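Chemist: Residue numbers (the working numbering), protein chains in the order written: chain A, 1 to 75; chain B, 1001 to 1517.
The beta carbon of each residue, even a glycine, is placed where N, CA and C say it ideally should be.
The structure displayed is predicted, hence computed values, not measured ones.
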Amino acid sequence: MEKIIAILKEIQPDLDTDSKRLIDDQYLDSLSILSLVAELEDAFDVMIPAVEITAKNFNSVEGIYQLVERLKEED
Amino acid sequence: MNSYYSVAYMAVFLPLTILAYQLMPVRKRWLVLLAASYFFFYAISGKLVVFVILSSLSIHHFGLWLEHIDHQEETRKIRMKQKRKVLLFAILLHMGLLVVLKYMPFFLSNLNQLAAVMGLSISWSVSRYALPIGLSFYTLQAVSYMVDVYRGQQKADPHLGRICLYLAFFPQIMEGPIARYRRTADQLYAGRTITYTQLTFGIQRILYGFFKKMVIADRLNPLVKAIFTNYTDYAGEMILLGALAFTLQLYMEFSGTMDVVIGTAEIFGIHLPENFRQPFFSKSISEFWKRWHISLGTWFKDYVFYPVAMSSWSKKLTVRARKKIGPLYGPILCSAFALLAVWIGNGFWHGTGWNFLFFGLYHFTLIFLGSLILPVTRKWSAKWRIDRNHWLYQSWQLVRTFILVCIGELFFHANGLWAGLQMFGRILTTTSLASFQDGTLFSQGLDAQDFIIVLLSLGIVLWVSIQKERQVSIRQMIAAKPIPIRWACYYTLILMIIIFGAYGYGYIPVDPMYANF
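In structure tokens form, the structure reads like this:
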């Protein structure tokens, strides 16, 4: 989780990482998502397909963590 | 019956549909909506209704085919490969039909011109086809359904009726919003009983749409028409006024129609996605497109931007660019390909003409430059201690975005790219205050009284927009008031439309601006 928070803070320094509505409240826009995906793939050695870019997966740090864990298991 | 604003639609078709729907047993109400939808389609496009029926049959079949492949005993890799082929074929079929019907005359006439310039004696005959209403809207809905089934985000629906209703639902067939299957199909099929609240809330929203369209958009029509048709007769300040008037007219017409569409659906207990969220409160062009024609923007984001930006070659490029250019600008530069694909698509989706491509590229450039400049402006703001949250700074951002939007709309509505460039050139070279002093202003179809009506009406829309921005529901606010005040509000709105609406002899109502896309 800390690693994900650090990545998010690097991409968007003023981001509220406690928010559960990162996508819905437009904290993360398309470009931030792309940077985030590239960073996550690099840091956790996973492949994130376009189909996983959903509000459910990216609305919170918890959601991102669960996505990464699931993709690691699927690998 | 040719639009949602016609007397036949509002006074006969819609009330009869509501009545038939309510009288029908719950399980069969969807049939009333489907029959009404095909009747509405037939009333406007005649035999071309067959296109939307064939599209429904097609996506029903492709959806089941894609799901059938998933149940085969092959490895996941082989199944995905087969599914990809089927999806590609299905998309080519649907988009191909759209291209042939809508874009072929444009491409062929340009090829003919190119051949003539190159001195080749080749010429293709250019035939224009009659277009069924809403072709561009329901094709995007059809593609979204098939891609969602392919991705496993949506189960293929074996019920053909539900699919037919999803593509043809009459309130949204002309101008959208572009809905997603998983959020609307069940609602359309549910046959919810019409309640008093649904009916009154729906009618209120329809009335507000009528107000925007008939009092503002239609009243601005003579001015917009005069300036955009005979732009060479006008000085820069009048062309500037024309661009401003058209931008407001487009917003009032399109968002007003969305109020009518969403209000109509609300009567049947169906919640369609919102298409506008106070777009003129945007502080950047990027934010503007998250508030303007939202359903088109999210369609392009989900089905063009991410698939291109997340393709394996794009990701590899992003990783390399991050290392070479840096973690900030690397992804921005790499996403430019995906962004460009979105805006070329968005431009051409709006129409066949070079000015539409220019419109798309104009917004691509503004959004791309905006994301490049943002880190620099943030740094400068910190250095010069500029408070970016100060109301003065934010007001400047609002005004700047509005001006940029108006320039884009000038090219959007101009009679071709060359006309757009000439109009923009006249703004830069011939602008003064002369037309506002010599009486030209009030002799272009709008007199001083018309301007006052438009300005007061815009004031009402602005007030409503501010309340919406503050998350205040005006309809609930009115509903909570005592009956006399409530009905006074309703009657005021109805009377304003009747008295100030620009209709009848001497008025030419604006055509549904998004209906031919």
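In chain C, what lies closer than 7 angstroms to LEU31/A by C-beta?
Modeler: Included in the structure are the protein chains A and B, with no chain C among them.
Chemist: Just the Cα atoms here: how many angstroms apart are LYS1468/B and ILE1386/B?
Modeler: About 29 angstroms.
Chemist: In the region 1175-1256 of chain B, which residue ranges form an unbroken alpha helix (DSSP H) of at least 4 residues, counting only runs that do not cross its ends?
Modeler: As far as the region 1175-1256 of chain B is concerned, its whole alpha helix (DSSP H) runs of at least 4 residues are 1181-1190, 1196-1210 and 1218-1229.
Chemist: Which same chain residues, not among the five before or five after MET1496/B, have their C-beta less than 7 angstroms away from its C-beta?
Modeler: The residues are PHE1211 and VAL1215.
Chemist: The alpha helix (DSSP H) with ASP42/A in it runs from where to where?
Modeler: Start and end: 30-44.
Chemist: Between LEU1111/B and the rest of its own chain, which residues show a CB-CB distance below 7 angstroms, the 5 nearest in sequence each way excluded?
Modeler: Contacts found: TRP1124.
Chemist: Could you tell me whether any Cβ in chain B is nearer than 8 angstroms to the Cβ of VAL46/A?
Modeler: For VAL46/A, the answer is no, since every Cβ of chain B falls outside 8 angstroms of its Cβ.
Chemist: Taking Cβ positions only, does LYS1290/B come closer than 8 angstroms to chain A?
Modeler: It does: the Cβ of LYS1290/B has a partner Cβ on chain A nearer than 8 angstroms.
Chemist: Helix, strand or coil: which one does DSSP assign to PHE1268/B?
Modeler: Of the three classes helix, strand and coil, the one that applies to PHE1268/B here is coil, per DSSP.
Chemist: What residues from the region 1141-1155 of chain B come within 8 angstroms of chain A, judged by C-beta to C-beta, listed N to C?
Modeler: Taking 8 angstroms as the Cβ-Cβ cut-off against chain A, the residues of the region 1141-1155 of chain B that qualify are ARG1151, GLY1152 and GLN1153.
Chemist: Measuring CB atoms only, is the region 1274-1289 of chain B touching the region 1218-1229 of chain B, in the sense that at least three cross pairs come out at less than 8 angstroms?
Modeler: With the cut-off at 8 angstroms, the region 1274-1289 of chain B and the region 1218-1229 of chain B do not touch.
Chemist: Only counting the same chain, and skipping five residues up and downstream in sequence, which positions put a Cβ closer than 6 angstroms to that of LEU1417/B?
Modeler: If we look at LEU1417/B and ignore the five residues flanking it on each side, its Cβ neighbours are TRP1354, ASN1355 and PHE1358.
Chemist: Within 10 angstroms of its Cβ, does SER1473/B collect 16 or more other Cβ (buried), or is it exposed?
Modeler: Flag for SER1473/B reads exposed.
Chemist: Below 8 angstroms between beta carbons: does that hold for PHE1268/B and ILE1206/B?
Modeler: Cβ distance not < 8 angstroms, so PHE1268/B and ILE1206/B don't count as in contact.
Chemist: Residue range of the alpha helix (DSSP H) that ASN1484/B falls in?
Modeler: Rather than Asn, the amino acid found at residue 1484/B in this sequence is Pro. Here the alpha helix (DSSP H) through PRO1484/B covers 1483-1500.
Chemist: Rounding to the nearest angstrom, what Cα-Cα distance links MET1095/B and THR1139/B in this structure?
Modeler: Their backbone Cα atoms lie some 7 angstroms apart in a straight line.
Chemist: Apart from the five residues on each side of it in sequence, which residues of its chain come closer than 7 angstroms, Cβ to Cβ, to ALA1414/B?
Modeler: Within the same chain, ALA1414/B has close Cβ partners PHE1228, ASN1355, GLY1420 and MET1423.
Chemist: In its own chain, which residues sit with a C-beta less than 7 angstroms from the C-beta of LEU1361/B, not counting the 5 before and 5 after it?
Modeler: Answer for LEU1361/B: TRP1343 and GLY1347, listed in chain order.
Chemist: Alpha carbon to alpha carbon, how far is LEU1170/B from GLN1437/B?
Modeler: It should be pointed out that residue 1170/B corresponds to Phe in this sequence rather than to Leu. C-alpha separation (whole angstroms): 48 angstroms.
Chemist: Would you say ASP18/A lies against chain B (beta-carbon separation less than 8 angstroms)?
Modeler: No, because no Cβ of chain B sits closer than 8 angstroms to the Cβ of ASP18/A.
Chemist: If we count Cβ pairs, one from each stretch, closer than 8 angstroms, do we get three or more for the region 1316-1336 of chain B versus the region 28-39 of chain A?
Modeler: Touching, per the Cβ criterion.
Chemist: Can you check whether the CB of ILE1133/B is closer than 8 angstroms to the CB of MET1174/B?
Modeler: Their beta carbons are under 8 angstroms apart, which means MET1174/B touches ILE1133/B by this criterion.
Chemist: Mind checking which residues open and close the alpha helix (DSSP H) that includes ARG1322/B?
Modeler: Per DSSP, ARG1322/B belongs to the alpha helix (DSSP H) from 1312-1325.
Chemist: Measure the alpha-carbon distance for THR1431/B versus PHE1500/B and round it to whole angstroms.
Modeler: Answer to the nearest angstrom: the Cα atoms are 32 angstroms apart.
Chemist: Is it right to say GLY1046/B is buried, meaning 16 or more other beta carbons lie within 10 angstroms of its own, or is it exposed?
Modeler: Under this definition GLY1046/B is an exposed residue.
Chemist: Taking just the CA atoms, how far does TRP1396/B sit from LYS1283/B?
Modeler: So the two alpha carbons sit approximately 8 angstroms from each other.
Chemist: In whole angstroms, what is the alpha-carbon distance linking ILE1053/B and TYR1038/B?
Modeler: If you take the alpha carbons of ILE1053/B and TYR1038/B, they lie about 9 angstroms apart.
Chemist: What residues from chain B crowd round LYS55/A, counting only those whose CB sits closer than 8 angstroms?
Modeler: Per the sequence shown, residue 55/A should be read as Ala rather than Lys. Those do not exist, as ALA55/A stays about 11 angstroms from chain B at its closest Cβ, beyond 8 angstroms.
Chemist: Which residues mark the beginning and the end of the alpha helix (DSSP H) in which TRP1124/B is found?
Modeler: Note, TRP1124/B: premise wrong, no alpha helix (DSSP H); not H, not E.
Chemist: Apart from the five residues just before and just after LYS1083/B, which ones in its own chain have a Cβ nearer than 8 angstroms to its Cβ?
Modeler: Only LEU1066, ILE1069, ASP1070 and TYR1150 meet the Cβ criterion.
Chemist: Alpha carbons only, please: which of TYR1490/B, ASP1447/B, LYS1323/B and ILE1460/B is nearest the one belonging to ASP42/A?
Modeler: Taking only the C-alpha atoms, the option nearest ASP42/A is LYS1323/B.
Chemist: Quick check: the Cα distance between ARG1426/B and GLU1409/B, rounded to an integer number of angstroms?
Modeler: The alpha-carbon atoms of ARG1426/B and GLU1409/B are separated by roughly 16 angstroms.
Chemist: Answer yes or no: the CB of GLY1236/B versus the heavy atoms of the ligand FAD, is any distance below 7 angstroms?
Modeler: The ligand FAD is absent from the structure shown, which contains no ligand whatsoever.
Chemist: Just the Cα atoms here: how many angstroms apart are LEU1057/B and ALA1179/B?
Modeler: Each residue's Cα considered, the two are about 18 angstroms apart.
Chemist: Can GLN1154/B and ARG1182/B be called in contact, C-beta distance under 8 angstroms?
Modeler: Cβ atoms of GLN1154/B and ARG1182/B: closer than 8 angstroms.
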